[in-house]
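Protein sequence lines, in the order shown, are assigned to chains A and B. With the numbering used here as the guide, the letters of the first sequence map in order to residues 1249 to 1570. With the numbering used here as the guide, the letters of the second sequence map in order to residues 3 to 212. We put the CB at the ideal spot given by N, CA and C, even for glycine. Just so it is clear, the structure is predicted and the values come from calculations on it, not from any experiment. See structure below.
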Amino acid sequence: MKRLLNTVLAATIGLAALPLTLPLSLSAQQAPTWVRVGVLWTVTTPEITQSVVDETRVAEQQDAGCDASTIRFGDTALMRGFETGAVWPRAVRDAVTGAAITDEKDDAIGQLRTALADPSLTDVQHYAVENRMVLTALQFDDAVLARQLIASAGAPEDLPAALLSDRLFWQAYLGFATASADVWATEYSPLLDRALALDPTSFQVRFWRVAGWLNGRQWGGVSCATALATYSSMLLDMSEAGSCSLMAGHFSNALTLELGAAKAGRISADLDAWMTFTDGLLAVISQNPDLADAFTAELAAAPASSCVPLLASELARIRGTQ
Amino acid sequence: MTSAPKPDSSDETAAIDLAVAFFCTVLVLFVFVAFNLDRDPKTEPFRTASQEQITMPAPIPAWSAINQRGSFAVWSDDRLIVLDLAEITHGMRVITDQYQGPDGYMSYLRGREASPASFRADFGLTVQSPPEPWVKEILTQNGACPDTIRPFVTVLVPEGASELGAIVDLSERCGFRVRFENFKVGSDGVSGTFGLALSARSFGGERIFR
């Protein structure tokens, strides 16, 4: 009896000591990551051993939480807080306000032309009203007029950076729906990069870079790691505007709406995978672990097309470090 | 005389018992397998990053970099009265032409912000019969659909109105999208006020997404 007890005791101690004998050098890159969704466990085996997504930025944004950032959501530079430095004449204010309310295009454009003709406007104010006219043409869905106005407004030497950023953004906006992947990469994407450099407080530029990248399928033609590095930095630029869960949801929904509107009816497995990655990263940033796990599992289960393994492993890695 | 052997009742019973037991086993197995092979399609709630709880669907807000311009209309008495914004804004610019009367008034405040488009305007009008100069079109349930209104219409609905289905029918028939705004009706039940404003604060954070 005593011998049996001793044997059992020895066996228990031996089993308890067993984990210590396992090799401890299994690095995170080789060990598979198990993710639990409900009662199902899914494994994602990272095949790429590099780290592409910048986890320090993700951590910063998580820490920022729901604090307001410097990024503004206004649709023109003036609405984002850019000061022209001069007083607006009353008549010009009334004309521009009237143009902002009315629902007839000719009336609106006419009012803005009247405002432009006011002799007491400074150069900067003149440019600002020109910008307003471009925005009005876009609001009335008149792409032809908008292009004309942008072309005639041009880019004068003394144009302030924020106003130029808007003009570049609207040019890219006009090209969004119809540009092919090459055209987007060569013509419009540099405009947006320049617009961001000119005015870092503009949210619409950051958002449109992401939307344009996805819409233009810019993951083709470059290696997956390069594509993910570019895309994740754009995405982190955009989510700087709000790392709240509500804001993250808004960004994700707005992306879905813009992409759906532009590519109605064409479903692409690649685009779905990148969108799932986007949603997953936004979920991690907004500190929603259940949702992040759900997206990680969805990506792990996605049909393995070009970049899906890298996306899955990177998302799992970021999720694991949070 | 030998009698035929009587069928052994216990054998018979045993045979019946065995048959019944076998049948029950098969039945249990069938039920077990049927419930395990039940292929109910999982209803996945629409997941977004803004969801706090994964099991509840989240509302879908909308944002667009360029806000589409829309018309304004007042809903009263089963009629959609589309307002003539050109006339109203003319009144903002030329104060002597601004309509002020018993059935409608307007107070317009120029903004002081960096953007010249910032303003605040308050309107009062009798819901049943807005001022004549402010009316552009009157749409009725079975009337003609005009082409002078924008594809997006903000409909001002008196607070507490419940029958909004007619507006939606009208919008589907005439092909415009509808957004509802509340209209504060005064104590006399006849006149109402609403405000319009545009400023940098209109673009603050979460507001633009709604």
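- Only Ser73, Phe74, Leu87, Ala88, Ile90, Thr91, His92, Met94 and Arg95 from the stretch 73-104 of chain B bring a Cβ to less than 8 Å from some Cβ of chain A.
- Cys1555 (chain A) sits buried, since 16 or more C-beta atoms from the chains shown fall within 10 Å of its C-beta.
- Leaving aside the five residues that flank Ala1548 (chain A) on each side, the residues in its chain whose CB is nearer than 8 Å to its CB run, in chain order, Val1283, Thr1290, Val1291, Thr1292, Ala1560 and Ala1564.
- Burial state of Thr1474 (chain A) is exposed, judged by a 10 Å Cβ sphere holding fewer than 16 other Cβ atoms.
- Chain order gives no chain B residues near Ile1398 (chain A), where near means a beta carbon separation below 9 Å; the closest approach is about 13 Å.
- By the criterion of at least three beta-carbon pairs nearer than 8 Å, the stretch 102-114 of chain B is not in contact with the stretch 141-160 of chain B.
- When DSSP reads this structure, Ile83 (chain B) sits in a beta bridge with B:Val76 and B:Ile140.
- Between the beta-carbon of Thr1345 (chain A) and that of Met108 (chain B) there is about 13 Å, and that puts the pair past the 8 Å contact cut.
- Separation of Arg1328 (chain A) and Arg41 (chain B) (C-alpha to C-alpha, rounded to the nearest whole angstrom) is 53 Å.
- The DSSP-derived three-state label of Asp171 (chain B) is helix.
- The three-state secondary structure of Pro153 (chain B), taken from DSSP, is coil.
- The shortest CA-to-CA distance from Leu1326 (chain A) to any of A:Arg1305, A:Pro1408, A:Ser1317 and A:Ala1343 is the one to A:Pro1408.
- Cβ-Cβ distances below 6 Å link Asp124 (chain B) to Ser109 and Gly197 in the same chain, with the five nearest sequence neighbours on each side left out; the list follows chain order.
- In the displayed model, Tyr107 (chain B) falls within a strand according to three-state DSSP.
- Each of A:Pro1551, A:Arg1457, A:Leu1416 and A:Trp1522 was checked against the Cα of Leu1476 (chain A), and the nearest Cα belongs to A:Trp1522.
- For the stretch 1311-1343 of chain A, residues whose beta-carbon sits nearer than 8 Å to a beta-carbon of chain B comprise Ala1316, Arg1320, Phe1321, Gly1322, Asp1323, Thr1324, Leu1326, Met1327, Arg1328, Gly1329, Phe1330, Glu1331, Thr1332, Trp1336, Arg1338, Ala1339, Val1340, Arg1341, Asp1342 and Ala1343.
- For Glu1562 (chain A), the enclosing alpha helix (DSSP H) starts and ends at Val1556 to Thr1569.
- The residues Asp1366, in chain order, have a CB closer than 7 Å to that of Ala1339 (chain A) in the same chain once the five nearest residues on each side in sequence are set aside.
- The three-state reading of DSSP puts Phe1424 (chain A) in helix, counting H, G and I together.
- For the stretch 188-206 of chain B, the residues whose beta carbon sits under 9 Å from a beta carbon of chain A are, in order, Leu198, Leu200, Ser201, Ala202, Ser204, Phe205 and Gly206.
- Beyond the five residues adjoining it in sequence on each side, Val192 (chain B) comes within less than 8 Å, by CB distance, of Thr128, Val129 and Gln130 in the same chain, given in chain order.
- Annotation: Leu1386 (chain A) to Phe1451 (chain A) spans about 18 Å, alpha carbon to alpha carbon.
- Taking a contact to require three or more Cβ pairs closer than 8 Å, the stretch 1498-1505 of chain A and the stretch 1536-1546 of chain A do not qualify as touching.
- In the DSSP assignment, Arg179 (chain B) forms a beta bridge with B:Phe154.
- Within the stretch 1371-1399 of chain A, those residues whose Cβ lies closer than 9 Å to any Cβ of chain B are, in chain order, Gln1373, Ala1376, Val1377, Arg1380, Leu1383, Thr1384, Leu1386, Gln1387, Phe1388 and Asp1389.
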